[in-house]
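According to the numbering used here, the stretch in the sequence shown is residues 1073 to 1512, in order.
Just so you know, even glycine gets a beta-carbon here, dropped at the ideal spot from N, CA and C.
Only one structure is covered here, and it is reproduced in the block below.
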Amino acid sequence: MSNAIAGFSKLSQEEKINWIANTYFSNPQVAISLLKSYWNTDEKVQKLHDEFIENTISNFYIPLGIAPNFLINGEYHTIPMAIEESSVVAAASKAAKFWSTRGGFKTMVINTEKIGQVHFIFEGDALKLETFFNKIKSHFFIQTESITKNMQKRGGGILDIELKNKVNLLPNYFQLHATFDTKDSMGANFINSCLEQFAKTLKEEALLYDAFSESEKDIEVVMSILSNYVPNCIVRAEVSCPIDYLVEKHIPNPKAFAERFVRAVQIAEVEPFRAVTHNKGIMNGVDAVVLATGNDFRAVEAGIHAYASRNGTYSSLSHAKIENDIFTFWLEIPLALGTVGGLTTLHPLVKLSLEILQNPSAEELMQFVAVAGLAQNFAALRSLTTTGIQDGHMKMHLNNILNQFEATEEERHLIRKHFKHHIVSHSGVVDFIENLRKLE
Ligand code: MEV
């Protein structure tokens, strides 16, 4: 049977499943049963999921966990996290508990500006283009009124539109660079609709502009799209306490710990190989909350990593210092998030996650996400600079191995008891299970 197919999207879901099962599986029935076993038993919920994307054949589960005890700006919160990696939720919860007795997390939204651009080619006199732009600038606002009306009622809208000359980068390349306030929505549809109207206005007005030559009138719009780079949509999260307060079981010498911690952050600030892994740890927290709340983690990832490189070298998103015997650890990240529209009103578990967060505004959600990132980073660095991460990590990994081997309760008990006092390694656990089973 050929692996290529014409008109796949037109097939019914049943036909799609049959095709995939018959094309790629020696036992199609097993594959079909597996796919269907992940369908939601409530047909309405399944239909909802079917329609999120195209060619849906099943659901792909990711666990939803919760990390309680986050003291943020004086109030306790529980943070929902959708993530498949073991240890992450435990680490977040541990960091939350640790900081809850040391002043908690302090957060602040610094700004909330979103960006969109119309990229176009203008072959002509740049000064004339500027005069033209200034003359018709108000038309961009007027002609998008039907799109911006509702957003304006909510206090948002288009903030500004600038003409940018980029001919030093590419011949005849210009932009309309627009900034937006999209309030509690992520705003992608709103921004893109405005931009497409700007592009239309730009082309139409150019045709009517007498000072342009025939070739100048013929503006070529290449594309109109929002930017996921939002360096003016920044949230800050911070923890701090007197060094002596850092003391606990794994931190017998808080001064030495704080100094080593700061050094670990400094390494991530100057060394890209480390910075990437350091920031990956931050993203463990960030992505998990972004996903649980129905936001676009690809957009967030792209924007954050661009921000991490804003000075020309990829660097740490978090920073730490000791000043007057006070340890301070903080991060600032760009986050374009929404708590209305999109998946937030459609996905039942997204709604539930938002409810756990007490139905936050987009600005409040930015703060929760930043806190999750900082907590994760703190937990990772605390382990790395004290016990090393494998200790805790492999204990969590043990569970995955036990599940993989479908260990019985009795086997689990014996294995956990043994590995309390032995280093956990994948092969070590597998050998132990196999030996146990040989004895049975
Ligand atoms: C693992 O998912 C994340 C860490 O590697 C982050 C770090 O190294 O800082 C532990």
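Residue i to residue j, Cα distance in whole Å?
| i | j | result |
| --- | --- | --- |
| residue 1370 | residue 1353 | 16 Å |
| residue 1134 | residue 1463 | 24 Å |
| residue 1327 | residue 1438 | 32 Å |
| residue 1411 | residue 1099 | 44 Å |
| residue 1307 | residue 1319 | 29 Å |
| residue 1123 | residue 1435 | 29 Å |
| residue 1494 | residue 1460 | 16 Å |
| residue 1442 | residue 1277 | 43 Å |
| residue 1366 | residue 1265 | 21 Å |
| residue 1498 | residue 1334 | 33 Å |
| residue 1444 | residue 1236 | 37 Å |
| residue 1229 | residue 1252 | 6 Å |
| residue 1313 | residue 1398 | 6 Å |
| residue 1512 | residue 1488 | 18 Å |
| residue 1214 | residue 1220 | 10 Å |
| residue 1149 | residue 1428 | 8 Å |
| residue 1431 | residue 1449 | 26 Å |
| residue 1451 | residue 1166 | 7 Å |
| residue 1282 | residue 1293 | 20 Å |
| residue 1249 | residue 1086 | 46 Å |
| residue 1401 | residue 1178 | 11 Å |
| residue 1109 | residue 1093 | 14 Å |
| residue 1375 | residue 1260 | 14 Å |
| residue 1274 | residue 1263 | 16 Å |
| residue 1500 | residue 1405 | 40 Å |
| residue 1120 | residue 1440 | 27 Å |
| residue 1416 | residue 1407 | 16 Å |
| residue 1200 | residue 1280 | 14 Å |
| residue 1420 | residue 1118 | 11 Å |
| residue 1364 | residue 1289 | 48 Å |
| residue 1454 | residue 1409 | 29 Å |
Helix, strand or coil for residue i? Go by DSSP, reduced to three states.
| i | result |
| --- | --- |
| residue 1503 | helix |
| residue 1171 | helix |
| residue 1148 | strand |
| residue 1253 | strand |
| residue 1335 | helix |
| residue 1209 | helix |
| residue 1132 | coil |
| residue 1141 | strand |
| residue 1181 | strand |
| residue 1479 | coil |
| residue 1156 | coil |
| residue 1101 | helix |
| residue 1241 | coil |
| residue 1487 | helix |
| residue 1214 | helix |
| residue 1323 | strand |
| residue 1248 | strand |
| residue 1496 | coil |
| residue 1412 | strand |
Start and end of the beta strand (DSSP E) containing residue i?
| i | result |
| --- | --- |
| residue 1232 | 1229 to 1237 |
| residue 1190 | 1186 to 1193 |
| residue 1406 | 1398 to 1406 |
| residue 1298 | 1292 to 1299 |
At what residues does the alpha helix (DSSP H) containing residue i begin and finish?
| i | result |
| --- | --- |
| residue 1462 | 1462 to 1476 |
| residue 1345 | 1344 to 1364 |
| residue 1306 | Where residue 1306 is concerned, there is no enclosing alpha helix (DSSP H), although the beta strand (DSSP E) it sits in stretches over 1306 to 1314. |
| residue 1095 | 1085 to 1096 |
| residue 1391 | First-last for residue 1391: 1390 to 1395, but that is the beta strand (DSSP E), not the alpha helix (DSSP H). |
| residue 1377 | 1369 to 1380 |
| residue 1284 | First-last for residue 1284: undefined, no H or E at that position. |
| residue 1223 | 1217 to 1225 |
| residue 1121 | 1115 to 1124 |
| residue 1080 | Careful: residue 1080 lies outside any alpha helix (DSSP H) and carries neither H nor E. |
| residue 1276 | 1260 to 1280 |
| residue 1435 | 1434 to 1457 |
| residue 1427 | 1420 to 1428 |
Could you tell me whether any Cβ in chain C is nearer than 7 Å to the Cβ of residue i?
| i | result |
| --- | --- |
| residue 1380 | Absence of chain C from the displayed structure is noted, only one protein chain being present. |
Any heavy atom of ligand 3 within a distance shorter than 6 Å of the CB on residue i?
| i | result |
| --- | --- |
| residue 1133 | Ligand 3 is not part of this structure, which contains only ligand 1. |
- Message: Measuring CB atoms only, is the segment 1135 to 1151 touching the segment 1160 to 1167, in the sense that at least three cross pairs come out at less than 8 Å?
- Response: yes
- Query: Three or more C-beta pairs closer than 8 Å, one from the segment 1384 to 1404 and one from the segment 1339 to 1354: is that the case here?
  - Reply: yes
- Task: Would you check if there are 3 or more beta carbon pairs closer than 8 Å linking the segment 1162 to 1181 to the segment 1223 to 1236?
- Result: no
- Does the count of Cβ pairs from the segment 1241 to 1249 and the segment 1187 to 1198 closer than 8 Å reach three? yes
- Message: Under 8 Å, with one C-beta from each stretch per pair, do the segment 1182 to 1189 and the segment 1283 to 1303 reach the 3-pair mark?
- Response: yes
- Touch test, the segment 1336 to 1349 against the segment 1463 to 1472, Cβ-Cβ under 8 Å, three pairs minimum: no
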